[in-house]
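Colleague: Residue numbers in the sequence shown follow my numbering, run continuously in steps of one, and reach 112 at the last position.
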Amino acid sequence: EVRAVQIARGIVISAAEDGAVVLWSITSGEPLFHFTQPDGSPLPPVYALAMQGFLVVAGDETGRAWTWSWRTDSEPAAHLDGIQVHTRAINALALQHITSADHVPS
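#1: For the beta strand (DSSP E) holding residue 19, just list the boundary residues, first then last.
#2: If we ignore side chains and look at the alpha-carbon of each, how far apart do residue 99 and residue 31 end up?
#3: Can you tell me which of 45, 19 and 35 puts its alpha carbon nearest to the alpha carbon of residue 64?
#4: Within its chain, find whatever has a CB closer than 6 Å to the CB of residue 8; leave out the 5 residues flanking it on each side and keep chain order.
#5: If you run the structure through DSSP and keep just helix, strand and coil, what is residue 34?
#6: Counting only the same chain and skipping the five closest in sequence on each side, list residues whose C-beta sits under 8 Å from that of residue 11.
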């Protein structure tokens with residue numbers, strides 16, 4: 007069951023309960039890339055997805071956030087191990103572009 011969809015830059019990214027996070031061609035409808043864990047295995051069930059520019063973030067049922075960057079429709083640039091950001095499932099994500107003017111010194 008698909009849980010989240012993002013559309014931008016001529017592509018669609020979907021995230022599903024079976025852990026599939028897939029980059030699709032918006033014109034052909036064909037899958038272009040399957041995002042996975044660094045060892046190639048599927049993710050735990052994914053309930054949330056956010057995308058901004060080339061950054062894709064998925065939130066899974068274990069509370070981990072998975073992050074990838076991609077350069078073209080079919081070539082991922084990098085992916086990071088899931089980072090435990092919550093103790094329960096992540097059901098929503100949002101990304102915001104932050105500029106140096108938005109930075110608040112600590």
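All C-beta atoms in this analysis are idealised placements derived from N, C-alpha and C, irrespective of residue type, glycine included.
Modeller: Considering the structure as presented:
#1: As a working note, residue 19 is residue 13 in the sequence shown. It spans 17-22 - the beta strand (DSSP E) in which residue 19 sits, taken as one unbroken run.
#2: As a position in the sequence shown, residue 99 is number 93, starting the count at 1. As a position in the sequence shown, residue 31 is number 25, starting the count at 1. Whole-angstrom Cα-Cα distance: 23 Å.
#3: Locating residue 64 in the sequence shown gives position 58, where the first residue counts as 1. Residue 19 is the option with its Cα nearest to residue 64.
#4: Counting from 1 along the sequence shown, the entry for residue 8 is found at position 2. 20 and 22.
#5: The residue given as residue 34 occupies position 28 in the sequence shown. Coil.
#6: Here residue 11 is taken as the residue at index 5 of the sequence shown, counted from 1. Excluding its 5 nearest sequence neighbours in each direction, residue 11 has C-beta neighbours in its own chain below 8 Å: 18, 19, 20, 21 and 55, listed in chain order.
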